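Report on one structure; see the data block that follows.
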Amino acid sequence: MAPPPDDPGATTEKIPLGQRLFDNVFLLLGLGLLVMFVAFTGWGMWEILSMPKATLP
Amino acid sequence: MTAPALHPFRTCPATGHRIDRQAERLVRVNAVAAVVALLVGAIAALLLVLTRWQAVHLLPAVWYYRILGVHGMNMLIFFIIFFEMAVLWFAGTVLLDSRPAAPRYGWFNFALMVSGALLVESMQWSGRADVLFTSYPPLKAHPLFYLGVILFAVGALGVVGQFFATLVIAKREKTYAGSMPLVVYGAMTAAIIAVITLVHGAAVYIPTFLWSLGLIPAVDPEVYRLLWWALGHSSQQINVAAMVAIWYMLGALTVGAVVLNEKVSRSAFVLYILFISMASAHHLLVDPGFGPAWKIVNTSYFMYMAVLASMVHGFTVPAGMELGMRLRGYTDGLFGWLRRAPWGDPGFSALVLSVVVFGFFGGITGVTIGTEQINITVHNTLRVPGHFHATVVSGTAMSFMGATYYLLPLVFQRKVAFWKLAKVQPYLFSLGMLMVEMGMTFAGSFGVPRRHWDISFSQAPFDVAFSPAVDLFLAVMGIGGILAVTGALSFIAIAVKSVFFGETVTEFTRGVAMEGVPQGLTHPPVHPKNADELNEAMHAPARGIAGATPGTLVLVAVFLVAFMLYYFTNWKLLTFLWKIG
Numbered sequence: 233m234a235p236p237p238d239d240p241g242a243t244t245e246k247i248p249l250g251q252r253l254f255d256n257v258f259l260l261l262g263l264g265l266l267v268m269f270v271a272f273t274g275w276g277m278w279e280i281l282s283m284p285k286a287t288l289p
Numbered sequence: 009m010t011a012p013a014l015h016p017f018r019t020c021p022a023t024g025h026r027i028d029r030q031a032e033r034l035v036r037v038n039a040v041a042a043v044v045a046l047l048v049g050a051i052a053a054l055l056l057v058l059t060r061w062q063a064v065h066l067l068p069a070v071w072y073y074r075i076l077g078v079h080g081m082n083m084l085i086f087f088i089i090f091f092e093m094a095v096l097w098f099a100g101t102v103l104l105d106s107r108p109a110a111p112r113y114g115w116f117n118f119a120l121m122v123s124g125a126l127l128v129e130s131m132q133w134s135g136r137a138d139v140l141f142t143s144y145p146p147l148k149a150h151p152l153f154y155l156g157v158i159l160f161a162v163g164a165l166g167v168v169g170q171f172f173a174t175l176v177i178a179k180r181e182k183t184y185a186g187s188m189p190l191v192v193y194g195a196m197t198a199a200i201i202a203v204i205t206l207v208h209g210a211a212v213y214i215p216t217f218l219w220s221l222g223l224i225p226a227v228d229p230e231v232y233r234l235l236w237w238a239l240g241h242s243s244q245q246i247n248v249a250a251m252v253a254i255w256y257m258l259g260a261l262t263v264g265a266v267v268l269n270e271k272v273s274r275s276a277f278v279l280y281i282l283f284i285s286m287a288s289a290h291h292l293l294v295d296p297g298f299g300p301a302w303k304i305v306n307t308s309y310f311m312y313m314a315v316l317a318s319m320v321h322g323f324t325v326p327a328g329m330e331l332g333m334r335l336r337g338y339t340d341g342l343f344g345w346l347r348r349a350p351w352g353d354p355g356f357s358a359l360v361l362s363v364v365v366f367g368f369f370g371g372i373t374g375v376t377i378g379t380e381q382i383n384i385t386v387h388n389t390l391r392v393p394g395h396f397h398a399t400v401v402s403g404t405a406m407s408f409m410g411a412t413y414y415l416l417p418l419v420f421q422r423k424v425a426f427w428k429l430a431k432v433q434p435y436l437f438s439l440g441m442l443m444v445e446m447g448m449t450f451a452g453s454f455g456v457p458r459r460h461w462d463i464s465f466s467q468a469p470f471d472v473a474f475s476p477a478v479d480l481f482l483a484v485m486g487i488g489g490i491l492a493v494t495g496a497l498s499f500i501a502i503a504v505k506s507v508f509f510g511e512t513v514t515e516f517t518r519g520v521a522m523e524g525v526p527q528g529l530t531h532p533p534v535h536p537k538n539a540d541e542l543n544e545a546m547h548a549p550a551r552g553i554a555g556a557t558p559g560t561l562v563l564v565a566v567f568l569v570a571f572m573l574y575y576f577t578n579w580k581l582l583t584f585l586w587k588i589g
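Structure representation (structure tokens):
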């Protein structure tokens, strides 16, 4: 069971880097937005904008 | 003389959590709004299923398409997102023992969401928004329809912001130690995906609103489709994350499930955050505006990362339940833990049915039809709604119903009304939905189109003949629909009776069964004091590959074989249609 929050011994242990990254809500939010904007939205918009105009027969 | 002010917190008699009363009221109103939307959506579902069942063909064309839009908005947006707002308020405050951030602003956001939903409803029911759920331009609705969607989305985004602020408060005020609990982590994942979704929603609906007002000349349909699906599909990924969080919560509450490995489960949630939203691209797999590289990268390489995450949860949730049961002494055979599980607890049965149908049906069909080559045989057929009803309804809605059976006594402090009906309701609803999904999937495999009012094409200058088997599949869908709507209306009756007329319950006497209170609250699953030793023994290398959870390993093997068979069969079917050489 986790020690109570006011236990002075509770925060002495060094938290691993991976855990700190996973606990960083705003970092995850930024990464989630970035990956989606680059791979789906940005690339998709580029595909649309770079589409050649159709020529009439 | 004034009445003494209520203490801002109360202590839950079952879990010991501190519950902020303002946050509790916000959980309640959002949950009630969700149930109201479910009622409207369920009535619409009955009308639709009795129209698509060709032998009945109830509604005229105009009303069919109108009600289809109503069903989509109520089920996929209002019911689900109101309930998710309740989950965010619950997870952010109750599970973290925290006070909420700016609760009055929460009421403002709730009012925005209700106003938006009412605007959309009024436009749809009055025939001024017959644009279906996708509202693709050049179809144009009344401006108030788009305004309603925008208000709803702004309110939801506000609540998500408050959830993040509550996480900051909880961390700063040290209401919990170490990392946030896994269930809250799942809710946080849902909140992040909600931001991704709602930003795209703003990008697509604000210009469309301006176009409907005549302030801008046109909306590019291709751009609209791209941005709209980043909203339309990603909004369903919020559900997935919220549903998985509820799986973990219900597992712990009902059978004392343990988290097998925090790192693995959290990594799976992070994979959702990074990659699940790209699955939106599989709606555009037959769209000529996008190249194969964009389609394949988004729907295969990236989406498979999210699929991997779902498969991780699909293993860790039942395995955690098995290990939790084994630690409590249910060790006989492969499936003794499953046989002796509390199947009469609607929270537990809803959990298991949600996991099984979501994984076996929704997951397998989703990955298969999200493959570019196979998608060509599936696109715009009834197989597509067959798939997403398995994920959104049998998976998400079922898990939300299961959670409600625990929220009623814990948050509303009411006994579950119609208790005998409540025990049966998850089975009835799940069976009905399974029949709907099977009927749709098989009819779709014979080419029956989705969304179509009349597949017999009566009065058309051409003739389309489907296999006679289609009539059988549509009848299965129709009968299943009636069962499922009966299950949904039963749930609504139980929820309404419990909340507004239910018997108050504030204490749970341990070891004493109470009518209307789930077993997990009266007989909370407690692990023995030597649980750590037992756990060590169960993970001993001598136990071989089966490890501590042999039953789940067998179930996972069955799942993988089913997955491979379905995937292979679809490629085989494609070769019949698409002959090369």
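Chains as they are written, first to last, in the working numbering: chain A, 233 to 289; chain B, 9 to 589. C-beta: ideal position from N, C-alpha, C; glycine also. Quantities reported herein were computed from a predicted structural model and do not represent experimental measurements.
query	result
Run the CB neighbour count on B/P151, radius 10 Å, all protein chains shown included, and call it buried at 16 or more, exposed below.	buried
How would you list, in chain order, the residues of chain B whose beta-carbon sits under 8 Å from the beta-carbon of A/G264?	I200, I201, V203, I204, I281, L282, S285
Using CA coordinates, which residue listed in B/R551, B/I487, B/T577 is at the minimum distance from B/L56?	B/I487
According to DSSP, is B/I27 helix, strand or coil?	strand
For A/T273, decide whether its Cβ has a neighbour in chain B, counting only Cβ atoms nearer than 8 Å.	yes
If you draw a straight line from the alpha carbon of B/V375 to that of B/V315, how long is it in whole angstroms?	8 Å
Can you check which of these residues, B/L482, B/A405, B/D479, B/I500, is closest to B/P425 by C-alpha distance?	Checking the displayed sequence, the identity of residue 425 of chain B turns out to be Ala instead of Pro. For the residues B/L482, B/A405, B/D479, B/I500, the minimum Cα distance to B/A425 belongs to B/I500.
If you run the structure through DSSP and keep just helix, strand and coil, what is B/F310?	helix
Assuming B/R233 is part of the alpha helix (DSSP H), what are its boundary residues?	229 to 240
Are there three or more Cβ pairs, one per stretch, closer than 8 Å when the region 406 to 422 of chain B is compared with the region 258 to 265 of chain B?	yes
For B/G299, go through chain A and note every residue whose CB falls closer than 7 Å to its CB, in chain order.	E279
CA-CA distance, B/E92 and B/E230?	30 Å
For the alpha helix (DSSP H) that contains B/T530, what are its first and last residues?	527 to 530
Quick check on B/F172 - is its C-beta less than 8 Å from some C-beta in chain A?	yes
DSSP has B/T389 in a bridge; who is on the other side?	B/P457
Using 8 Å for Cβ pairs, my map puts B/L582 next to B/T385. What's the rounded Cβ distance?	6 Å
Going by the CB atoms, is the gap between B/H395 and B/G370 shorter than 8 Å?	yes
Given that a residue counts as buried once 16 or more other Cβ atoms are within 10 Å of its Cβ, and exposed if not, what is B/A548?	exposed
Go through the region 257 to 331 of chain B residue by residue and report every complete run of the alpha helix (DSSP H) that reaches 4 residues or more, in order.	270 to 283, 300 to 304
Quick one: which chain A residues come within Cβ less than 9 Å of B/V305?	A271, W275
Mind checking which residues open and close the alpha helix (DSSP H) that includes B/F118?	111 to 133
Can you give me the C-alpha to C-alpha distance between A/L265 and B/L66, rounded to a whole angstrom?	44 Å
Suppose the cutoff is 6 Å on Cβ atoms and the five residues either side in sequence are ignored; what does the same chain contact list for B/M333 look like?	V263, W345
I'd like to know if B/E92 contacts chain A, where contact means its C-beta is closer than 8 Å to some C-beta of that chain.	no
Against chain B, does A/L260 count as a neighbour if the rule is that its beta carbon must be under 8 Å from one of theirs?	yes
Kindly confirm or deny that the region 492 to 512 of chain B and the region 97 to 116 of chain B touch, where touching means at least three C-beta pairs closer than 8 Å.	no
Over the uninterrupted beta strand (DSSP E) stretch that includes B/R18, give me the two end residues.	17 to 19
Since B/R36 and B/V419 are thought to touch, with beta carbons under 8 Å apart, how far apart are those beta carbons, to the nearest angstrom?	7 Å
When DSSP labels each residue in this structure, what does B/T512 get in the three-state scheme?	strand
Find the nearest neighbour of B/K271 within the set B/V320, B/W61, B/I246, B/L234, judged by alpha-carbon distance.	B/V320
Go through the region 343 to 370 of chain B residue by residue and report every complete run of the alpha helix (DSSP H) that reaches 4 residues or more, in order.	344 to 347, 354 to 364
Listing by chain order, which chain A residues have their CB less than 7 Å from the CB of B/L590?	Given that chain B is displayed from residue 9 to residue 589, the structure contains no residue 590 of chain B and the question cannot be resolved.
Count the other CB atoms within 10 Å of the CB of B/V562; is the residue buried (16 or more) or exposed (fewer)?	exposed
Whether or not the region 429 to 448 of chain B and the region 397 to 405 of chain B are in contact is what I'm after, with contact meaning three or more pairs of Cβ atoms, one per stretch, closer than 8 Å; do they touch?	yes
Quick one: which chain A residues come within Cβ less than 7 Å of B/E230?	I280
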